[in-house]
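Numbering (the working numbering), first residue to last: 321 to 386.
Next comes the structure, spelled out in structure tokens:
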């Protein structure tokens, strides 16, 4: 068997070493940045606007009293 330990700070049992954590962090940031660049779909943006609107404003729009 190979008893050599990986380079860098040794990992505690059940933990990832710093190099692996760093690689995972870089990959997650790259994926997240791609999602952020896509923006919010129009239907979600409209839903957010409705949820953020005061209740009186929503009632007026529902009754057709813009």
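C-beta: ideal position from N, C-alpha, C; glycine also.
Quick caveat, the model's predicted, so the values are computed rather than measured.
Straight-line measurement puts the Cα of residue 359 at about 21 Å from the Cα of residue 373.
Counting along the chain, residue 355 sits inside the alpha helix (DSSP H) bounded by residues 338-358. Residue 342 and residue 362 have their C-alpha atoms some 35 Å from each other. If you draw a straight line from the Cα of residue 338 to the Cα of residue 371, it comes to about 42 Å.
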